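In this note's numbering, the protein residues as written are 13 to 181.
By construction, the Cβ of each residue, glycine as well, lies at the ideal position given by its N, Cα and C atoms.
What you are looking at is a predicted structure, and each value in this text was computed from that prediction instead of being measured.
First the structure, in the form of structure tokens, and then the observations on it.
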Ligand SMILES: [Zn+2]
């Protein structure tokens, strides 16, 4: 049996099958409030009434305690601390940075949950505890979308102490 015949009769190992799904997503009260705020350049989280943890973005209820957050919102800074990071070497849609780029888990100041985003920095500079700030699109381009934030960028502040973010690793 030739190599070609063997290949033709062997098991199929890889099947390329592009798939795409479109969703009509109803944002609901909590996400609507969050998205309207981000259209104004504000980052809104919500505080759990049981333990006071601030969720960002909020889904309107606490996944730990099963209680709703109500209408109270907490405005957060667009500065934060890198908790963890990854170097990405494969292309991805809707990323404003060239390869390789850095994805980061950012703990925004005042939040108790992490935000996953990208960082514009030299690969050799990124590290846990690094202080960063959001870089926004020009004001006239803001919409009700998290894409208003293009990426994060390091800022000239001392690294956060490990104790301040270790529970989020
Ligand atoms: Zn809770």
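- Query: Between the stretch 88-101 and the stretch 53-60, do at least 3 Cβ pairs fall closer than 8 Å?
  - Reply: yes
- Message: Looking only at its chain, what residues have a beta carbon closer than 8 Å to the beta carbon of residue 79, apart from the 5 residues adjacent to it on each side?
- Response: 60, 61, 62, 73
- Cβ separation of residue 147 and residue 130, assumed to be a contact under 8 Å, to the nearest whole Å: Actually they do not touch by this definition, with Cβ atoms about 10 Å apart.
- Message: Any heavy atom of ligand 1 inside 8 Å of the beta-carbon of residue 79?
- Response: yes
- Ordered along the chain, which non-local residues of its own chain (more than five positions away) have a Cβ less than 7 Å from that of residue 10? Given a span of 13 to 181 for the chain in the structure shown, any question on residue 10 remains unanswerable.
- May I ask you to list the residues that DSSP assigns as paired with residue 117? DSSP output for residue 117 lists 96, 128 as bridge partner(s).
- Helix, strand or coil for residue 37 per DSSP? coil
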